[in-house]
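Visitor:
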Amino acid sequence: QNIAVIFAEKYDRLDPSRKVLPWILRIARYEVVNHFRSQGREQIIFDEKVLQRIERAFHVIHDESEGIKKALHTCIESLNDRPRHVLKLRYFREMEIRDISQRLGLSSNAVYIILCRVREALANCVQKKTDVLWKVT
């Protein structure tokens, strides 16, 4: 929470030519150290290597999530028109199933089936493009 507040307060100082994630990680790192110091836990020794590993892990996760987002965008664009339209109504416009069914002249069950098939197709597509294993529910 503190990190989000600091980020919001200092956002206007961010150099637009630099990436946001390293800047946020640096803020988080300082906040963790300051938190333990303020709690009187100075006896905890912060191993620089541990902090660097945590930071690298965040970078890896961020890079993977960027790859997944790009793959998902490509996969969505490769859908046929009707399933893509239903998907966008449901998840981008956040419409209820009944509203989608009324708008498109379909039964609610038909909309559920389309969405189920779309989710499965997208999971398979993203998995092929990224080697990330997805469980579709």
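Oh and the sequence shown: position 129 is 116 in my numbering, straight run, nothing missing. No residue lacks a Cβ here, since even glycine has one placed at the ideal position from N, Cα and C. Since we're looking at a predicted model, the values are computed, not measured.
Assign valine 20 to one of two classes, buried (16 or more other C-beta atoms within 10 Å of its C-beta) or exposed (fewer than that).
Guide: Result: exposed.
Visitor: Quick check on DSSP: helix, strand or coil for serine 52?
Guide: The answer is helix: DSSP assigns serine 52 an H, G or I state.
Visitor: Can you list, in chain order, the residues of its chain with a C-beta nearer than 8 angstroms to that of methionine 82? Leave out the 5 residues immediately preceding and following it.
Guide: These residues qualify, in order along the chain: Leu76, Arg90.
Visitor: Can you list, in chain order, the residues of its chain whose CB lies under 7 angstroms from that of isoleucine 87, leaving out five sequence neighbours each side?
Guide: Around isoleucine 87: Val73, Leu76, Arg77, Val98.
Visitor: When the Cα atoms are used, what is the spatial distance from leucine 102 to valine 113?
Guide: Using only the alpha carbons, I get a separation of about 16 angstroms.
Visitor: I'd like the span of the alpha helix (DSSP H) that includes aspartate 118, first residue to last.
Guide: From DSSP, aspartate 118 is part of no alpha helix (DSSP H); its letter is neither H nor E.
Visitor: Could you tell me how far apart the beta carbons of leucine 12 and cysteine 62 are, in whole angstroms, since I believe they sit closer than 8 angstroms?
Guide: About 29 angstroms separates the two Cβ atoms, so there is no contact after all.
Visitor: What would DSSP say about lysine 75, mapped onto helix, strand or coil?
Guide: Residue state, collapsed to three classes: helix.
Visitor: By the three-class DSSP mapping on this structure, what secondary structure does arginine 85 have?
Guide: Arginine 85: helix per DSSP, three-state reduction.
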